[in-house]
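Following: one structure in structure tokens, then a few remarks.
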Ligand SMILES: [Zn+2]
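Numbering (my numbering), first residue to last: 458 to 650.
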């Protein structure tokens, strides 16, 4: 079983979790940058992390795993594989979270919603509503990383492998700028980290 320290180590060594001085897309600065897709590009780690997440749900008689597209899809596949249950995803169509591609939820089906990272929980809440609108029963929510600071709450339990505080600074008040540490823009080829 992976420990909390081993989980963080996997995030760091795959470049999913970086520390330094980063310009976020919001324009704010941060001492940390997290991009979950970086760890999920390795099937071995995806399987380990999602398998660990699935362990917590093994006794809840889950019949269906569902995720919001796109970030949650890889997590759903691996959790669904670990639980050996049908796995689908919901996606936005004209702004609404919808089941497409012939995906179905059967009346009373017990569903687990999974996501890679939860920040506000908005997408997960929309998937919960889509499942319930289709007659399914939500039995839990699982994510690899909870970045909501405890603010994301659903009417079912939320399990996460790791909780990560989001620290941000206004550029004018950034202590890292004050120290003269070079600002990196994650995702750009020029960034040095
Ligand atoms: Zn700064």
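Just so it is clear, CB atoms sit at the ideal spot from N, CA and C, and this is done for glycine as well.
*Which of helix, strand or coil does DSSP assign to residue 626?*
Under the three-state reduction of DSSP output, residue 626 falls in the strand class.
*Taking all protein chains shown into account, do 16 or more other C-beta atoms lie within 10 angstroms of the C-beta of residue 541, making it buried, or fewer, making it exposed?*
exposed
*Less than 7 angstroms between the CB of residue 490 and some heavy atom of ligand 1, yes or no?*
no
*Please find out if some non-hydrogen atom of ligand 1 comes closer than 7 angstroms to the beta-carbon of residue 475.*
Checking every heavy atom of ligand 1 against the Cβ of residue 475, none is found closer than 7 angstroms.
*Could you check if residue 458 is buried or exposed, using at least 16 other CB atoms within 10 Å of its CB as the buried criterion?*
exposed
*Alpha-carbon to alpha-carbon, residue 624 and residue 607*: 14 angstroms
*Could you say which of 460, 603, 480 lies nearest to residue 629 if we only look at CA atoms?*
480
_Measuring straight from C-alpha to C-alpha, what distance separates residue 631 and residue 613?_
38 angstroms
*Exposed unless 16 or more other CB atoms sit within 10 angstroms - verdict on residue 525*: buried
*From which residue to which residue does the alpha helix (DSSP H) around residue 427 run?*
Nothing can be reported for residue 427: it is not among the residues displayed for the chain, which extend from 458 to 650.
_Proximity to residue 555 [Cα-Cα], best of 622, 583, 532, 598_ = 583
*Reduced DSSP category for residue 515 - H, G, I as helix; E, B as strand; rest coil*: coil
*Please report the residue range of the beta strand (DSSP E) in which residue 545 lies.*
That run of the beta strand (DSSP E) goes 543-550.
*Cβ-based burial, residue 585 [other Cβ within 10 Å; buried from 16]*: buried
*Top-ranked residue by Cα proximity to residue 496, from 508, 478, 470, 600*: 470
*Distance between residue 487 and residue 546 (C-alpha atoms, nearest Å)*: 31 angstroms
*Could you pull out every residue in the same chain whose Cβ sits closer than 8 angstroms to the Cβ of residue 502, ignoring the five residues on either side in sequence?*
467, 471, 496
_If I measure Cβ to Cβ from residue 509 and keep anything under 8 angstroms in the same chain, skipping five residues before and after, which residues do I get?_
Apart from the 5 residues on each side of it in sequence, residue 509 sits with its Cβ closer than 8 angstroms to the Cβ of 458, 459, 464, 618 in its chain, given in chain order.
*Quick one: measure Cβ to Cβ for residue 491 and residue 598, integer angstroms, because I've assumed they're closer than 8 angstroms.*
Not quite, the Cβ-Cβ distance comes to about 19 angstroms (not below 8 angstroms), so this is no contact.
*Candidates 644, 576, 565, of which the one nearest residue 590 by Cα*: 565
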